[in-house]
Amino acid sequence: MTDVEQWRLAEYLSVVQASVLIADGNPSRNIVKSDGQTGIVVDVKGCPGFDAAFSAVRQSIVSGSLEAILAFDTRPLEHKMLHFDGKPLLASSPDIREGERAVIYDDVLRVRYATNHDLGYGNSFPVVEGTEVVIKNEPNWFETTLEVNNLKDWLASRQHYPAFFFPNSPTAELFKKENPRYSPKLACAVAAWNEIKEKRPGSSVKKTVSDWATEHYSDYLKEGWKNSDEAANEISRVVNWDPKGGSPPTPGGSA
711 MTDVEQWRLA
721 EYLSVVQASV
731 LIADGNPSRN
741 IVKSDGQTGI
751 VVDVKGCPGF
761 DAAFSAVRQS
771 IVSGSLEAIL
781 AFDTRPLEHK
791 MLHFDGKPLL
801 ASSPDIREGE
811 RAVIYDDVLR
821 VRYATNHDLG
831 YGNSFPVVEG
841 TEVVIKNEPN
851 WFETTLEVNN
861 LKDWLASRQH
871 YPAFFFPNSP
881 TAELFKKENP
891 RYSPKLACAV
901 AAWNEIKEKR
911 PGSSVKKTVS
921 DWATEHYSDY
931 LKEGWKNSDE
941 AANEISRVVN
951 WDPKGGSPPT
961 PGGSA
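Each residue of the sequence shown is one higher than the one before, starting from 711 at the first, in the numbering used here.
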(Lines of atoms letter the chains of each structure in order from A; the text may use other names.)
(Lines give C-alpha, C1' and ligand atoms only; values in the text may rest on other atoms or scores of the structure.)
Protein backbone atom coordinates (compact mmCIF):
# COMPACT_ATOMS: atom_id res chain seq x y z
CA MET A 711 0.00 0.00 0.00
CA THR A 712 1.48 3.37 -1.03
CA ASP A 713 1.50 6.37 1.28
CA VAL A 714 -1.32 7.95 -0.76
CA GLU A 715 -3.45 4.81 -0.55
CA GLN A 716 -3.10 4.81 3.24
CA TRP A 717 -5.15 8.01 3.31
CA ARG A 718 -8.13 5.81 2.36
CA LEU A 719 -8.11 4.53 5.96
CA ALA A 720 -9.39 7.93 7.15
CA GLU A 721 -13.09 8.37 7.87
CA TYR A 722 -12.62 12.13 8.03
CA LEU A 723 -10.31 14.44 6.10
CA SER A 724 -9.56 18.10 6.54
CA VAL A 725 -10.74 20.38 3.74
CA VAL A 726 -7.13 20.96 2.71
CA GLN A 727 -6.33 17.23 2.67
CA ALA A 728 -9.51 16.43 0.71
CA SER A 729 -8.79 19.16 -1.84
CA VAL A 730 -5.26 17.88 -2.41
CA LEU A 731 -6.57 14.34 -2.94
CA ILE A 732 -9.33 15.52 -5.30
CA ALA A 733 -6.59 17.19 -7.35
CA ASP A 734 -4.62 13.92 -7.49
CA GLY A 735 -2.05 15.17 -5.01
CA ASN A 736 -0.58 13.69 -1.84
CA PRO A 737 -1.29 15.41 1.51
CA SER A 738 1.88 13.84 2.91
CA ARG A 739 4.06 15.61 0.36
CA ASN A 740 2.30 18.66 -1.06
CA ILE A 741 3.05 21.75 1.02
CA VAL A 742 0.03 23.97 1.59
CA LYS A 743 0.28 27.54 2.87
CA SER A 744 -2.43 29.96 3.93
CA ASP A 745 -2.87 33.67 4.37
CA GLY A 746 -2.24 34.12 8.10
CA GLN A 747 -4.70 37.01 8.24
CA THR A 748 -7.82 35.41 6.75
CA GLY A 749 -6.97 31.70 6.85
CA ILE A 750 -7.75 31.27 3.15
CA VAL A 751 -5.40 28.80 1.48
CA VAL A 752 -3.30 30.71 -1.02
CA ASP A 753 -0.51 28.43 -2.18
CA VAL A 754 0.19 24.74 -2.71
CA LYS A 755 3.30 23.17 -4.22
CA GLY A 756 3.22 20.25 -6.63
CA CYS A 757 -0.56 20.03 -7.02
CA PRO A 758 -1.74 22.14 -10.00
CA GLY A 759 -5.44 21.31 -9.65
CA PHE A 760 -5.64 22.29 -5.99
CA ASP A 761 -7.01 25.82 -6.47
CA ALA A 762 -10.09 24.69 -8.38
CA ALA A 763 -10.76 21.76 -6.04
CA PHE A 764 -10.37 23.83 -2.88
CA SER A 765 -12.52 26.66 -4.25
CA ALA A 766 -15.36 24.27 -5.14
CA VAL A 767 -15.26 22.49 -1.76
CA ARG A 768 -15.05 25.76 0.18
CA GLN A 769 -17.95 27.36 -1.69
CA SER A 770 -20.16 24.31 -1.16
CA ILE A 771 -19.41 24.30 2.57
CA VAL A 772 -20.15 28.01 2.84
CA SER A 773 -23.41 27.64 0.88
CA GLY A 774 -24.48 24.66 3.00
CA SER A 775 -24.59 22.07 0.21
CA LEU A 776 -21.63 20.13 1.67
CA GLU A 777 -21.70 19.29 5.37
CA ALA A 778 -18.54 19.93 7.36
CA ILE A 779 -17.41 20.10 10.97
CA LEU A 780 -16.23 23.70 11.12
CA ALA A 781 -13.22 24.83 13.14
CA PHE A 782 -12.23 28.43 13.80
CA ASP A 783 -9.12 30.14 15.11
CA THR A 784 -10.24 31.43 18.51
CA ARG A 785 -8.94 33.84 21.13
CA PRO A 786 -10.30 35.42 24.33
CA LEU A 787 -12.37 38.58 23.99
CA GLU A 788 -10.36 41.46 25.38
CA HIS A 789 -11.37 45.06 25.99
CA LYS A 790 -9.41 48.18 25.24
CA MET A 791 -9.61 50.97 27.83
CA LEU A 792 -10.87 54.25 26.41
CA HIS A 793 -9.01 57.45 27.27
CA PHE A 794 -10.06 61.07 27.31
CA ASP A 795 -7.61 63.89 27.70
CA GLY A 796 -4.98 61.38 28.65
CA LYS A 797 -7.08 59.85 31.43
CA PRO A 798 -8.68 56.37 31.38
CA LEU A 799 -12.47 56.19 31.35
CA LEU A 800 -14.62 53.54 33.01
CA ALA A 801 -16.00 52.54 29.63
CA SER A 802 -14.06 50.19 27.36
CA SER A 803 -14.49 48.80 23.85
CA PRO A 804 -14.16 45.15 22.77
CA ASP A 805 -10.99 44.38 20.84
CA ILE A 806 -12.48 42.86 17.67
CA ARG A 807 -10.25 43.16 14.64
CA GLU A 808 -10.96 43.08 10.93
CA GLY A 809 -12.06 39.62 9.79
CA GLU A 810 -13.19 38.59 13.28
CA ARG A 811 -16.45 38.39 15.21
CA ALA A 812 -17.50 37.77 18.78
CA VAL A 813 -19.59 34.68 19.57
CA ILE A 814 -20.88 32.97 22.68
CA TYR A 815 -18.89 29.88 23.65
CA ASP A 816 -21.91 27.65 22.98
CA ASP A 817 -22.05 28.90 19.39
CA VAL A 818 -18.55 27.80 18.48
CA LEU A 819 -19.07 24.77 16.27
CA ARG A 820 -16.05 22.75 17.28
CA VAL A 821 -14.45 22.40 20.69
CA ARG A 822 -11.72 19.86 21.21
CA TYR A 823 -11.71 19.86 24.99
CA ALA A 824 -14.47 20.54 27.49
CA THR A 825 -12.54 23.27 29.33
CA ASN A 826 -10.34 24.66 26.59
CA HIS A 827 -10.58 26.12 23.13
CA ASP A 828 -7.91 24.62 20.92
CA LEU A 829 -9.18 25.57 17.50
CA GLY A 830 -6.19 26.13 15.31
CA TYR A 831 -2.44 25.94 15.58
CA GLY A 832 -2.46 24.79 19.21
CA ASN A 833 -3.49 28.04 20.88
CA SER A 834 -5.39 26.99 24.00
CA PHE A 835 -7.02 28.91 26.84
CA PRO A 836 -9.53 28.06 29.59
CA VAL A 837 -13.10 29.11 28.83
CA VAL A 838 -16.37 28.99 30.76
CA GLU A 839 -19.61 28.04 29.03
CA GLY A 840 -21.49 31.18 28.03
CA THR A 841 -18.31 33.24 27.79
CA GLU A 842 -17.94 35.54 24.79
CA VAL A 843 -14.93 34.73 22.62
CA VAL A 844 -13.54 35.99 19.32
CA ILE A 845 -13.28 33.81 16.21
CA LYS A 846 -12.12 34.54 12.70
CA ASN A 847 -14.89 34.82 10.13
CA GLU A 848 -13.10 32.40 7.83
CA PRO A 849 -12.99 28.82 9.13
CA ASN A 850 -9.63 27.17 9.63
CA TRP A 851 -9.57 24.89 6.58
CA PHE A 852 -6.65 22.88 7.95
CA GLU A 853 -8.80 21.89 10.96
CA THR A 854 -12.31 21.88 9.41
CA THR A 855 -13.16 18.28 8.51
CA LEU A 856 -15.36 16.38 6.06
CA GLU A 857 -16.78 12.90 6.41
CA VAL A 858 -15.35 10.92 3.51
CA ASN A 859 -18.65 9.21 2.58
CA ASN A 860 -20.44 12.57 2.44
CA LEU A 861 -17.63 13.98 0.34
CA LYS A 862 -17.89 11.08 -2.12
CA ASP A 863 -21.65 11.61 -2.43
CA TRP A 864 -21.02 15.30 -3.13
CA LEU A 865 -18.42 14.47 -5.77
CA ALA A 866 -20.71 11.92 -7.44
CA SER A 867 -23.58 14.44 -7.52
CA ARG A 868 -21.27 16.65 -9.61
CA GLN A 869 -20.27 13.77 -11.88
CA HIS A 870 -16.69 14.04 -10.68
CA TYR A 871 -14.84 10.84 -9.83
CA PRO A 872 -11.24 11.48 -8.70
CA ALA A 873 -9.12 8.35 -8.81
CA PHE A 874 -8.30 8.46 -5.09
CA PHE A 875 -11.94 8.41 -3.99
CA PHE A 876 -13.22 6.17 -6.82
CA PRO A 877 -10.41 3.74 -7.71
CA ASN A 878 -11.24 1.73 -10.82
CA SER A 879 -14.84 2.90 -10.67
CA PRO A 880 -16.88 1.78 -13.69
CA THR A 881 -19.49 4.38 -12.69
CA ALA A 882 -17.18 7.18 -13.82
CA GLU A 883 -17.37 5.89 -17.41
CA LEU A 884 -21.12 6.46 -17.43
CA PHE A 885 -20.61 10.23 -17.33
CA LYS A 886 -17.93 10.54 -20.01
CA LYS A 887 -19.68 12.02 -23.03
CA GLU A 888 -16.77 11.01 -25.25
CA ASN A 889 -17.51 7.33 -24.54
CA PRO A 890 -19.07 5.81 -27.69
CA ARG A 891 -21.59 4.00 -25.46
CA TYR A 892 -22.55 7.14 -23.52
CA SER A 893 -26.26 7.30 -22.67
CA PRO A 894 -27.65 10.60 -21.34
CA LYS A 895 -30.68 8.93 -19.79
CA LEU A 896 -28.52 6.39 -17.97
CA ALA A 897 -26.14 9.11 -16.74
CA CYS A 898 -29.02 11.29 -15.56
CA ALA A 899 -30.71 8.34 -13.85
CA VAL A 900 -27.55 7.42 -11.92
CA ALA A 901 -27.01 11.07 -10.96
CA ALA A 902 -30.62 11.35 -9.77
CA TRP A 903 -30.27 8.20 -7.69
CA ASN A 904 -27.10 9.62 -6.08
CA GLU A 905 -28.61 13.05 -5.47
CA ILE A 906 -32.12 12.21 -4.22
CA LYS A 907 -32.15 10.53 -0.82
CA GLU A 908 -35.87 10.69 -0.13
CA LYS A 909 -39.08 11.84 -1.75
CA ARG A 910 -40.33 15.37 -1.24
CA PRO A 911 -43.01 15.82 1.44
CA GLY A 912 -46.44 15.33 -0.10
CA SER A 913 -45.04 13.73 -3.24
CA SER A 914 -44.09 10.30 -4.52
CA VAL A 915 -40.58 9.04 -5.27
CA LYS A 916 -41.41 8.87 -8.98
CA LYS A 917 -42.68 12.48 -9.08
CA THR A 918 -39.68 13.71 -7.07
CA VAL A 919 -37.29 12.06 -9.51
CA SER A 920 -39.27 13.22 -12.55
CA ASP A 921 -39.14 16.84 -11.41
CA TRP A 922 -35.38 16.58 -10.77
CA ALA A 923 -34.78 15.02 -14.20
CA THR A 924 -36.91 17.66 -15.93
CA GLU A 925 -34.63 20.34 -14.46
CA HIS A 926 -31.29 18.60 -15.01
CA TYR A 927 -31.61 16.26 -18.01
CA SER A 928 -30.37 18.85 -20.49
CA ASP A 929 -27.02 18.93 -18.62
CA TYR A 930 -26.40 15.34 -19.72
CA LEU A 931 -27.02 15.87 -23.43
CA LYS A 932 -24.15 16.15 -25.86
CA GLU A 933 -23.91 19.34 -27.85
CA GLY A 934 -26.47 19.29 -30.63
CA TRP A 935 -28.63 16.61 -29.05
CA LYS A 936 -32.30 17.44 -28.62
CA ASN A 937 -34.16 17.24 -25.34
CA SER A 938 -37.00 14.77 -24.95
CA ASP A 939 -40.31 15.45 -23.27
CA GLU A 940 -40.51 11.77 -22.30
CA ALA A 941 -36.99 11.53 -20.87
CA ALA A 942 -37.87 12.65 -17.33
CA ASN A 943 -40.74 10.17 -17.12
CA GLU A 944 -38.58 7.30 -18.38
CA ILE A 945 -35.78 8.18 -15.96
CA SER A 946 -38.19 8.38 -13.02
CA ARG A 947 -39.55 4.89 -13.81
CA VAL A 948 -36.01 3.46 -13.74
CA VAL A 949 -34.92 5.27 -10.55
CA ASN A 950 -38.17 4.82 -8.60
CA TRP A 951 -37.31 2.64 -5.60
CA ASP A 952 -40.88 2.65 -4.33
CA PRO A 953 -43.01 1.46 -7.28
CA LYS A 954 -45.91 0.59 -4.98
CA GLY A 955 -45.84 4.00 -3.38
CA GLY A 956 -47.66 7.14 -4.30
CA SER A 957 -48.55 10.55 -3.02
CA PRO A 958 -49.91 10.52 0.54
CA PRO A 959 -53.71 10.61 0.76
CA THR A 960 -55.25 14.02 1.14
CA PRO A 961 -57.33 14.63 4.30
CA GLY A 962 -60.83 13.31 3.70
CA GLY A 963 -59.91 11.95 0.30
CA SER A 964 -58.23 8.97 -1.36
CA ALA A 965 -54.62 8.52 -2.41
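We put the CB at the ideal spot given by N, CA and C, even for glycine. For clarity, every value in this text was computed on a predicted model and none was experimentally measured.
The DSSP-derived three-state label of Leu776 is coil. When secondary structure is reduced to three states using DSSP, Tyr871 falls in the coil class, being assigned neither helix nor strand. Cα atoms of Ala762 and Glu777: separation of roughly 19 Å, rounded to the nearest angstrom. For Lys846, the three-state secondary structure derived from DSSP is strand. For Ser729, the enclosing alpha helix (DSSP H) has its first and last residue at Val725 to Ile732.
Look at Ala812 here: in three-state DSSP terms it is strand. Approximately 5 Å separates the beta-carbon atoms of Ala781 and Asn850; this is inside 8 Å, confirming the contact. The criterion of a C-beta distance shorter than 7 Å is satisfied by Ser724 and Phe852. Note on geometry: alpha-carbon atoms of Ser879 and Tyr871 lie some 8 Å from one another.
Linking Ile779 to Ala728 through their CA atoms gives a straight-line distance of about 13 Å. The beta-carbon distance between Val919 and Asn889, rounded to whole angstroms, is 24 Å. This is too long to meet the 8 Å contact definition.
Counting the other CB atoms within 10 Å of its CB gives Trp935 a total below 16, which places it among the exposed residues. Bounds of the beta strand (DSSP E) holding Glu857 are Thr855 to Glu857.
In the displayed model, Tyr722 falls within a strand according to three-state DSSP. The Cβ-Cβ distance between Ile845 and Lys895 does not fall below 7 Å.
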